[in-house]
Each structure stands twice: as structure tokens, then as C-alpha cells.
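Those protein sequence lines, which keep their order, are chains A and B.
Just so you know, the numbering used here puts 864 at position 172 of the first sequence, and the rest follows in order with no gaps.
Just so you know, the numbering used here puts 45 at position 43 of the second sequence, and the rest follows in order with no gaps.
C-beta: ideal position from N, C-alpha, C; glycine also.
No experiment lies behind these values; they were computed from the predicted model shown.
Here is the structure we will look at, set down as C-alpha cells.
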Amino acid sequence: MSRVGVFVCHCGENIARMVDVAKVAEESAKLPGVVLSVDYKYVCSDPGQNMIKEAIREHKLDGVVVAACSPQMHEPTFRAAVVQEKLNPYLCEMANVREHCSWVHLDPEQATQKAIDLVRVMVEKVKKNQELFPIKVPVTKRALVIGGGIAGTQAALDIASGGHEVILVEREPSIGGNMARLSETFPTLDCSQCILTPRMVEVARQPRITLYTYAEVDQVDGFVGNFKVKIRQKAKSVVADLCNGCGDCWNKCPQKKILSEFDAGLGRRTAIYVPFPQAVPNTPVIDRDTCLKFLKDKCGVCEKVCTRNAIDYTMQDEIIEVEVGAIVVATGYDLFSVGREQPNERWKGYGEYNYDAYPDIINGLQFERLLSASGPTQGEVRRPSDGKEPKSVVFIACVGSRDPEKGLEYCSKICCMYTAKHAMLYKHKVHDGQPYVFYMDIRAGGKNYEEFVRRAIEDDGVLYIRGRVSKIYQDGDQLVVVGADTLSDSQVEIRADMVVLATAMVPHRDAYELAQKVGMACGAEGFYSEAHPKLRPVETNTAGIYLAGACQAPKDIPDAVAQASAAASKVQVLFSSDELEREPIIAEVNEATCVHCRNCIRVCPYSAITDKEIRDKQGNLIKMVAEVNKGLCMGCGTCVAACPSKSIQLAGFNDEQVFAEITALGSG
Amino acid sequence: MSDAPPGYGAKEMSNEVKTDETLAATEKEWQPRIIAFVCNWCTYAGADLAGTSRIVYEPHVRIIRLPCSGRIDVSFIIKAFEQGADGVIVSGCHPGDCHYTEGNYHARRRFAGFRDLLEFCGFDMSRVIFSWVSAAEGIKWANLVNEAVAKIREVGPFKEFQKLLA
């Protein structure tokens, strides 16, 4: 027979004003198994908690029901209190008679009756409750960082500085990401590479960081603290240990006309290449799609000129298996592609602004490369078509962003700032040039951001026109930009030598695929979903997986770095103990009755349930059953409702408990 | 016992009290009995919000808290009716908002099939109410309960089912 204690809280006047608490206590005392039922002014107060503790001692209670506020509020309080008296915390339940009763009803009689019912439900439940113990899982104190842009670099450096091993995986031949491609950064105009490359070098020097470039994550298994990751090291065709980065190979490579991805298609590279001079590691890779050796089995010049014998055409992709305890995903962003060719069915035929038609209409990253001292023009602003210096440039903001009809619904956040920066830098380089900016609104929220935009307008004479561009067409060697000026309510026509589109940020083109592999969620636009938009912005819903940078939402550099450091500190919190404790509200399979229909395996949102073979001593297969991975199960109970043979149960919410609750309402 | 606190929900108060009074006069013995199966993260929190916002609603509902709408077994609904409930509310996070990513999708699919089965059996479907209520929708929760109570009042006690059991 159970020995349950019921404690009815007045919550000052909050409950007692509407609910006859004395009557609730009196009625609850009559329930079978209840040995003590009292009401008290503030059960959550120190004396209130002491009262519970004394009662557990005196009456040898094996169950406690507190009728008070919402369990979201004080369940941890009361569970912590009963633990002090050696009562298992999961034998303490709360009946919510404040939020769900006294605060929302006006008839005292009805409210009191409801409170009595709610207490009875919890009494019947607690009688069926079992002791549950936190699940302990060991933690592998090594982190995987996916993506070597500024966010991934920052996270890796922070975790490594904290004393833990880090594996950094980057799919391009060098780390650096999009930030390495930028010219100067707003609002301080310091050179992007000057602040980034020292950090990249630090990554290479940091002994606790293992760097895999030209590599991709192939598969992720396991759970928080215990991930097993397969990394595909793509064949570089160059032995990194032998190569000294002298550059003989790429200087001699005859394939010189390949469009450079790093230069956003404005520059050229060779088939054996490093993406940019400051690359880390400074080891070239052979692009097998363009190398003559691989296409036609000819050439082989690089092998001949290499004095270190570092070229290896027979190199194969390699799968590297690592075990990590936490994963930081920092896959960054791509630019929304403005042309008619769209990667995504949804944006098919965006084709606005004639981006495909005229070479002098370029996107934001291309303009960054034109401004960059290491870019295809060595930092001189020259237009792609004829290499002339443009004397008037039109910048168009919100290209793709804030356009639910044809583009993306969201604001890409950084375009207002980088457009102001572009216009300003253009003016700094072409003193007699005139920059124009078409904008919808200026969103310059950030430290020194508004001042920066004002500087562009007031000091550098950038002409801001509030309105959208309706048409761009060519006239002679110039582009005519037709648009609206909504402030003067007039049509404007500007003859421009070049047009720069402030294209929206979209998640990396393979973001969804990676989400599938890693087991995390994407929002509607493909950005990774954080666990809580406000309170858990760097965690994902999958324990042990964290987000950093623009893969979660459009971000500028300071925000990306801040989030990366936050993710790194979350990882270090996880790594601060050898074992981690998880709530034991998880599913468990009854192997005796499981018929291996695999319904649970199919419905589990966390892939936490797998097949298990049961064999006898001789190793003969007796039967197959389902098995729950305790580290992965989050305790939603979807499997329980899907099980036709009722062979899987959720601890804390098993069928017996729920039926007891329902039956408690029936007898009233 | 003190009087109802002044100053909040005055409008609802006058309305509710009136309906309660009129009903109490006509059908004093019987009050609707509704059991609500709700998920912990959205609907339960939404009902908490109704409380903290002091949104007054009908008292004839009893909440049973589960982790996720995906945990709500169809047998719970049958069991509730068996135990004399006149109506059942099933509610969880909105599609796309599930705390467990997709538990509510499984729930939705399960209840779509279950609905068809109940309808086929000639079950009065107005007694089973499915709705999504987010943690921010205290008002929606209150309205949901009020509407459910109104609906159950309309169709009266669930005598048919009780007769079947007897």
C-alpha cells in the first residue's frame, strides 16, 4: 500500500482566494493510499519545504503530491526537496491548481471541485510512479567543428585553448571561408585578410587542432558525448607532408583559364591550385575535373617540375573515422543566385536585374574581390566587360531579401552595411566617381553602424535613393538603371558604368544534406534551427550539436564570432565532467513481447531506436527486437503510441500511469 | 473564501457567470466532463499562460499532461470515454513547432486515421476535439475549452457510450 502525502498550497491568496484549500486537503485525505494531507500558506517557502521533508521522515512517505502552481515553475524545487530525504525525485508530482484552476475560474465551488480532481489525478499517478535514476553517459572530450570560416575557426581555437582536442573539417582546400574573400570590413574598414589570416595560421600551429581541408563529413552516428564521425578526405593528389608550397606546380600548370571560385568567377586559376596566396594549409590540390592528366591522361607537368616528388596522381579518397563528444556546425552561407539558373526549384527563374545578360552587373562578393588587394584586379576597381574604371556605380540593396513574392522572405541583415561599405570604398578608390544606392530601408543596427552609414552619405557623398529599381538595360557601353525615388515621388534614370547587387545570404547549398547526416533540423529557408530562439540560441534540438555563424541565420562577422565563442563555451561546459547526466524520461523496450514490427524505429524523430539481435549461447539467432539508445532518446513517447504490442514504454509516462490518471477522473 | 478578485476579466466574468447561472437553473446535476490530453511544451504551457494572463474560461476541463502529442495513444481517448468523459480534447504543438521535431506529425497522422475509424463506427465526432495550441496562445487555449464546453453542452451527456458499457 502506498503512503502518499498531499500538500495543498495557498500561494498566499492566489489559490486560496478561489479554491477552498482546506476542503481540497480534506477530500484528498480520503483517497486510498494518502496518509497525510495538509494545506499551507506557501509550500515553496523554506518552512513549507521543511514541512514536506519532516512529513517524509515522520510518515515514511513513498510519494508526494504538491497541489500548487505549474510544474514548469516549481517541480524542480520540490523534487530537490524530497531528494534531501532520500526520496526518489520522480516520486514527487505536482497538481497545477493555480495556472490551470484558481487563476482562470470564477466559481469557487467549481474551482474547488476541479482542484480536488487534479489532486486525485496526481495521487493516482504517483502511486504508479517508479524510482528513476539519471542516465549517465561517458563524454569523449574531443570536438568536431564543421566548417573553417571565421565562425568555425573561432570555435576551434576557443575549444582548443580550453585544453580540448578539436577536429576541424573544411571542404575547400583552405580554411578562411567567405571572410577571406572580403576586402575590408565594416564599420572599421580594417582589411579582412589582415585580421583573419593570423587566426588561420594559429589554427595550423595549435597542436590540439587536427585540420582536414578538402574534406567532408560523410556520416555521423551516436549521440551526445559519443559521436562517431566518418570524414571523407578527398584526394588532393598532393602529398601534404612532402609539399613545401613553393608554387612551381601551379605556375607551370597549362590549364590557366579555369574560373576561380575564390574570386567569384572574376579571376582565373590553374588545375593544380591553392585558392589564395595566404591559404592554410599552403598545399595545392589538383582539381580532377579540369586537370589534363585526369581528363586525357596527358600533361603531367606538375609531377615533372615538383622537386619534392609530392605529386601523386593515384591518390584515393580516404575515410577517416573519429570519435567526438560534441559537434559545432559552422557551414556558413552562400549568396542567393540572382541569375536565371537557380539551385532551388522555388527560386527558379528569379532572373531579376538582367544579371545574366550584362557582365557589368555583379554581385556583392564579386565586388569584394574587385576591391581586394589580392583580387583579380589587385584592388583596382575595373569593370569586368572592358576593364575600364567605372565612373558611376549603382548599388542595389535587398536583392532577393525581403521579397516573399519572388525571392526570400527574410532580411539578410548585412547588406545595408556592406552596400554602404562598398559605396564608400569605391569612392575612396575612384575619387571622381559617383556611387548611387537604391534602398528600401536602411537597417544599421549595431555598434557604430548607423554612424558608418551616415559617414558614407555625408562625408563620401554616396547618393542614397529610396526606392526599387524596375529595369536595367544597356545603352552603348553604359547601363541605364530605371527606378523609383519614393521620397520625391519621381522616376529616376541613372546611366551607370557598373551595377552591384547586394544579394541575399542563403544557407550553404549543401546545408540540408549535412543536416540529414548530422541529424538536426532546418527552418523553412534552410537555415539550421536553434533549440530555442532566445534562450538556447547556439544549441540545436539534438543534444551535443551546436551552431555557429551564418548557418543559423544571416549574420555579420562580430555576431558570427560571438556565437562561435558561445558554442565553444557550451562545448566546454559539456566537457567539464567525465560523465553527463540525462533525465531518465526515456523509452524502454520489453524484449519478451516485442515482435520487431519496427514501427517504433520508423517513427522515432531521433533515430534512437535500432534493431537488436537476441542470440542464444551458441550464437543462434533467437529473435530480433527493437532497442532504445539511452543517449539518443529524448523521451517524446511517439514510439509508445505507435507500438501495436505495447512492448515499448516511456518511463514516467507509461500506459499504466496514464490510465491511472484517466481512471482517477472517472471515479469522481 | 473571498470574492473573485476585481479588476480583471470583467467582461468574460459577466458573460460566463450568466451562462453558468442560466444553465445551473436548467441542468443543475449535469456538467460536461472533458478530459484534455496535451503536450508538455506547447499546449500545457499555453494553458499556463492563460493562467498567468488570468484569462477566464470554463472549469469543466481536466488536463492530463504528456511529453508530446506523439505520446497520446488512441486508447487514452477510448479510456476517457469509458470513464465517463463527455468530450475529449487532444492538443499539441503546431505543425513544425514540435519540441521533439516531428512527434506532432505522427500524432496528426494517427488521429486522422483514428477519426475515420470512429466516424465509421458511428461515433459522435463532435465529442473529440483536436487542436494545436502553442505556448504563446493562452487565449486560444481558453477559447478552445469554451468552445468544447459549449459543444458538449449542445450534445449533452454521452449516454450512448455509457449504455454500451452497461
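Residue interval of the beta strand (DSSP E) (run including residue i)
| i | result |
| --- | --- |
| Tyr-1025(A) | 1025-1027 |
| Val-713(A) | Counting along the chain, Val-713(A) falls outside any beta strand (DSSP E), though it belongs to the alpha helix (DSSP H) covering 713-721. |
| Pro-1127(A) | 1126-1131 |
| Lys-1080(A) | Segment: none, Lys-1080(A) is in no beta strand (DSSP E) and carries neither H nor E. |
| Pro-34(B) | From DSSP, Pro-34(B) is part of no beta strand (DSSP E); its letter is neither H nor E. |
| Glu-1010(A) | 1010-1016 |
| Arg-1302(A) | The sequence given here places Thr at residue 1302(A); Arg does not occur at that position. Segment 1301-1307, the beta strand (DSSP E) holding Thr-1302(A). |
| Ser-929(A) | From DSSP, Ser-929(A) is part of no beta strand (DSSP E); its letter is neither H nor E. |
| Lys-1119(A) | Taken as a continuous stretch (DSSP letters only), Lys-1119(A) belongs to no beta strand (DSSP E), being part of the alpha helix (DSSP H) at 1107-1121. |
| Pro-1199(A) | 1197-1199 |
| Asp-126(B) | Segment: none, Asp-126(B) is in no beta strand (DSSP E) and carries neither H nor E. |
| Met-871(A) | Neither: Met-871(A) is in no beta strand (DSSP E) and is coded neither H nor E. |
| Thr-1006(A) | Counting along the chain, Thr-1006(A) falls outside any beta strand (DSSP E), and DSSP gives it neither H nor E. |
| Val-1320(A) | 1313-1320 |
Strand pairing of residue i, partner residues [DSSP]
| i | result |
| --- | --- |
| Tyr-1165(A) | Val-1172(A) |
| Leu-828(A) | According to the sequence displayed, residue 828(A) carries Lys and not Leu. Answer is Glu-1273(A). |
| Trp-134(B) | Gly-94(B) |
| Tyr-732(A) | Cys-701(A) |
| His-1224(A) | Arg-1228(A) |
| Arg-960(A) | Leu-951(A) |
| Asp-882(A) | Thr-877(A) |
| Glu-1280(A) | Gln-1341(A) |
| Cys-41(B) | Leu-68(B) |
| Asn-1001(A) | DSSP, once it has assigned bridges, lists no residue as partnering Asn-1001(A). |
| Asn-936(A) | Asn-936(A) is not bridged to any residue. |
Assigned exposure category for residue i - 16 Cβ within 10 Å defines buried
| i | result |
| --- | --- |
| Arg-897(A) | exposed |
| Ile-65(B) | buried |
| Val-757(A) | buried |
| Ala-87(B) | buried |
| Met-127(B) | exposed |
| Gly-775(A) | Here the sequence assigns Val to residue 775(A), which means Gly is not the residue at that position. Classification of Val-775(A): exposed, given that the 10 Å Cβ count is below 16. |
| Asn-706(A) | buried |
| Trp-32(B) | exposed |
| Ala-823(A) | According to the sequence as given, residue 823(A) is Glu; it is not Ala. Exposed: under 16 other Cβ atoms inside 10 Å. |
| Val-157(B) | exposed |
| Ile-74(B) | buried |
| Ala-152(B) | exposed |
| Ala-1(B) | With chain B represented from 3 up to 168, any question about residue 1(B) goes unanswered, as that position is not in the structure. |
| Cys-123(B) | exposed |
Start and end residues, alpha helix (DSSP H) containing residue i
| i | result |
| --- | --- |
| Tyr-107(B) | 105-122 |
| Asp-809(A) | 800-820 |
| Asn-1233(A) | Careful: Asn-1233(A) lies outside any alpha helix (DSSP H) and carries neither H nor E. |
| Leu-1206(A) | 1203-1210 |
| Ser-1062(A) | What sits at residue 1062(A) in the sequence shown is Leu, not Ser. Where Leu-1062(A) is concerned, the enclosing alpha helix (DSSP H) stretches over 1056-1063. |
| Gly-740(A) | 738-751 |
| Arg-709(A) | It is not in any alpha helix (DSSP H) - Arg-709(A) carries neither H nor E in the DSSP assignment. |
| Cys-994(A) | 993-997 |
| Lys-142(B) | 140-157 |
| Leu-167(B) | 161-167 |
| Leu-1179(A) | Element bounds for Leu-1179(A): n/a, residue is neither H nor E. |
| Cys-1103(A) | First-last for Cys-1103(A): undefined, no H or E at that position. |
Residues that residue i contacts on chain C, provided the C-beta gap is smaller than 7 Å
| i | result |
| --- | --- |
| Gln-802(A) | The structure shown contains no chain C; its protein chains are A and B. |
beta-carbon residue i near the ligand COA non-hydrogen atom, thresh 7 Å
| i | result |
| --- | --- |
| Ala-1207(A) | The ligand COA is not part of the structure shown, which contains no ligands of any sort. |
Self-check item: Within 7 Å of chain A by C-beta, residues of the stretch 45-66 of chain B in sequence order
Solution: So the list reads Ala-47, Ala-49, Asp-50, Ala-52, Gly-53, Thr-54, Arg-56, Ile-57, Val-58, Tyr-59, Pro-61, Arg-64, Ile-65, Ile-66, given in the order they occur along the chain.
Quiz prompt | Three-pair Cβ contact test at 8 Å for the stretch 794-808 of chain A versus the stretch 769-786 of chain A | solution = At 8 Å Cβ cutoff, the stretches do not touch.
Quiz item: What are the residues of the stretch 1236-1254 of chain A that lie near chain B, defined by any Cβ-Cβ distance shorter than 9 Å?
Solution: Within the stretch 1236-1254 of chain A, no residue places its CB atom closer than 9 Å to a CB of chain B.
Quiz item: Should the stretch 863-871 of chain A be regarded as contacting the stretch 897-917 of chain A, the criterion being three or more beta carbon pairs within less than 8 Å?
Solution: Short answer: they touch.
Quiz prompt | Against chain B: residues of the stretch 779-791 of chain A by CB proximity under 9 Å | solution = For the stretch 779-791 of chain A, the residues whose beta carbon sits under 9 Å from a beta carbon of chain B are, in order, Asn-788, Arg-790, Glu-791.
Exercise. Output, in sequence order along the chain, the residues in the stretch 77-103 of chain B whose CB is closer than 9 Å to any CB in chain A.
Key: The residues in question are Ser-77, Phe-78, Lys-81, Ala-82, Glu-84, Gln-85, Gly-86, Ala-87, Gly-98, Cys-100, His-101, Tyr-102, Thr-103.
Quiz item: Taking three-plus beta-carbon pairs below 8 Å as touching, is the stretch 1014-1034 of chain A in contact with the stretch 990-1005 of chain A?
Solution: Verdict: no, contact absent.
Self-check item: Residues of the stretch 741-774 of chain A whose Cβ lies closer than 7 Å to any Cβ of chain B, in chain order
Solution: Correct list: Ser-762, Gln-764.
Quiz item: At a Cβ cut of 9 Å, what residues of the stretch 982-1013 of chain A count as close to chain B, listed as they run along the chain?
Solution: Going along the stretch 982-1013 of chain A in chain order, one finds no residue with a Cβ nearer than 9 Å to chain B.
Quiz item: Does the stretch 1270-1287 of chain A come close enough to the stretch 1329-1341 of chain A to have 3 or more Cβ pairs within less than 8 Å?
Solution: Between the stretch 1270-1287 of chain A and the stretch 1329-1341 of chain A, the count of C-beta pairs closer than 8 Å reaches three or more; the two stretches touch.
Quiz item: Counting pairs of beta carbons, one from the stretch 1191-1209 of chain A and one from the stretch 1048-1057 of chain A, are three or more of them closer than 8 Å?
Solution: Look at the beta carbons and you see the stretch 1191-1209 of chain A touching the stretch 1048-1057 of chain A: at least three pairs across the two are nearer than 8 Å.
Practice problem: Would you check if the stretch 801-818 of chain A and the stretch 846-855 of chain A touch, i.e. whether three or more CB-CB distances between them fall below 8 Å? | Solution: The answer is no - the stretch 801-818 of chain A does not touch the stretch 846-855 of chain A, with fewer than three Cβ pairs under 8 Å.
Quiz prompt | the stretch 69-80 of chain B / the stretch 89-96 of chain B touching (three or more Cβ pairs under 8 Å) | solution = Yes, since at least three Cβ pairs between the stretch 69-80 of chain B and the stretch 89-96 of chain B fall closer than 8 Å, the two stretches touch.
Quiz item: Using a Cβ cut-off of 7 Å, which residues of the stretch 1290-1311 of chain A contact any Cβ in chain B, in chain order?
Solution: Listed by position along the chain: Val-1295, Pro-1297.
Quiz item: Is the stretch 1290-1302 of chain A close to the stretch 930-946 of chain A, with three or more CB pairs under 8 Å?
Solution: Of all C-beta pairs linking the stretch 1290-1302 of chain A to the stretch 930-946 of chain A, fewer than three are shorter than 8 Å, placing the two stretches out of contact.
Quiz item: Along the stretch 104-121 of chain B, what residues have a CB closer than 7 Å to any CB found in chain A?
Solution: Residues of the stretch 104-121 of chain B with a C-beta less than 7 Å from any C-beta of chain A: Glu-104, Gly-105, His-108, Arg-112, listed in chain order.
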